[in-house]
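Positions -28 to -1, 1 to 234 (mature numbering (1 follows the signal peptide of the UniProt record, and there is no 0)) are the ones given, in order, by the sequence shown. Glycine is no exception: its CB is placed at the ideal position from the N, C-alpha and C atoms. Small disclaimer: the values here were computed from a predicted structure and weren't measured.
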Amino acid sequence: MTPAPMSDAHRHFLQALLALGVVEGSAAGALQRQCCELHRVYYAHDKLDDFINVANAQLQPLLMEVRKGLSEENGGTYYALVNLAETEFTKMASDYSESELELFKKTMDLIVSSGSGFASSTDILNLADQLKPKKMKKKEAEQVLRSLVQNKWLCEQEGEYTLHIRCILELEQYILCHYQGSVHKCHVCHCLCIQSQVCKDCGIAMHLPCLAKYFGAQAEPRCPHCKQLWPRWMLDTSTAGLRLPSHTPKESRRTPTSTRQR
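Here it is as structure tokens:
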């Protein structure tokens, strides 16, 4: 079956997405509407994914894709235009030096291996004099971290860093290949997990927002896969009810098997 052709509205939408890097779901819907109205193309307010699928069918031979993902902070939907032909950190190479990319890779190592999905600024800055090919002063490393946050590769909260949704969407294949056994896909939304809780019985993982939504509709917190009780959820919500706030306390972000010391 021949894919439906892209309209000028689709092309405009893709250009805007490329320029913005990552777009929240409601903003993507507003962008779709603007593009359709500008180019006098039929607009259906509840058909954003269908609109994107038309573009993706045409982008497939070019090894590009508009990818949809979930924010680990608030459960919101985000979209990013991803170049599938680029390997590892090719896209970042034009913006960052080799030593700066090395700092980002080591930061990612800390985040993924932390068990919580976070790395402290202190731990990251302590890596500055271990970088290759060129060591970095801590003030220089701080500037790189600020740039990575500004460009939506990292998020910072109270001196701790985690991966931005843009980073997760664009580097998903690299993360899955490079950190096999250390990262999971969410059992509910099937997106990559960095901040999650893991079932101590069967090992499935769930994002905190997905976990809140799933258990909020259940009589008791049982794993959706093995049906065993999920005691970590009971502990985290003993005083907060069944709904996790948009900024969950750091302690509740950790997996049951976390051994990270604070």
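Rounded distance between the beta-carbons of residue j and residue i, thought under 8 Å
i: LEU(-12); j: VAL(-6); result: 6 Å
i: THR79; j: ALA65; result: Actually they do not touch by this definition, with Cβ atoms about 17 Å apart.
i: LEU103; j: SER71; result: 5 Å
Alpha-carbon to alpha-carbon, residue j and residue i
i: MET36; j: ASN28; result: 7 Å
i: LEU120; j: GLN6; result: 30 Å
i: MET108; j: ARG118; result: 15 Å
i: PRO193; j: LEU201; result: 6 Å
i: CYS171; j: LEU143; result: 25 Å
i: MET178; j: ILE83; result: 17 Å
i: HIS197; j: ILE176; result: 7 Å
i: CYS165; j: ILE140; result: 9 Å
i: ARG73; j: THR49; result: Per the sequence shown, the amino acid found at residue 73 is Leu instead of Arg. Roughly 27 Å separates the two Cα atoms.
i: ASP22; j: ALA(-2); result: 16 Å
Cross-strand partners of residue i (DSSP beta bridge)
i: TYR51; result: VAL(-6) and LYS40
i: ARG194; result: LEU201
i: GLN169; result: MET178
i: SER92; result: GLU132
Sequence-distant residues of its chain with Cβ nearer than 7 Å to residue i (five each side left out)
i: ARG12; result: none
i: ARG138; result: GLY(-8), VAL(-7), ALA52, LYS124 and TRP125
Residues of its chain near residue i, where Cβ-Cβ distance is below 8 Å and the 5 sequence neighbours each way are ignored
i: GLU9; result: TYR15
i: HIS17; result: GLY1 and ARG5
Cβ-based neighbour list, residue i, same chain, cut-off 6 Å, excluding 5 preceding and 5 following
i: ASP(-21); result: HIS11
i: LYS47; result: Checking the sequence shown, residue 47 turns out to be Gly, not Lys. These residues qualify, in order along the chain: PRO181.
i: ILE96; result: THR79
i: PHE61; result: LEU73
Checklist entry - Along the chain, which unbroken stretches of the beta strand (DSSP E) at least 3 residues long are found entirely within the region 95 to 165? => result 126 to 129 and 132 to 135
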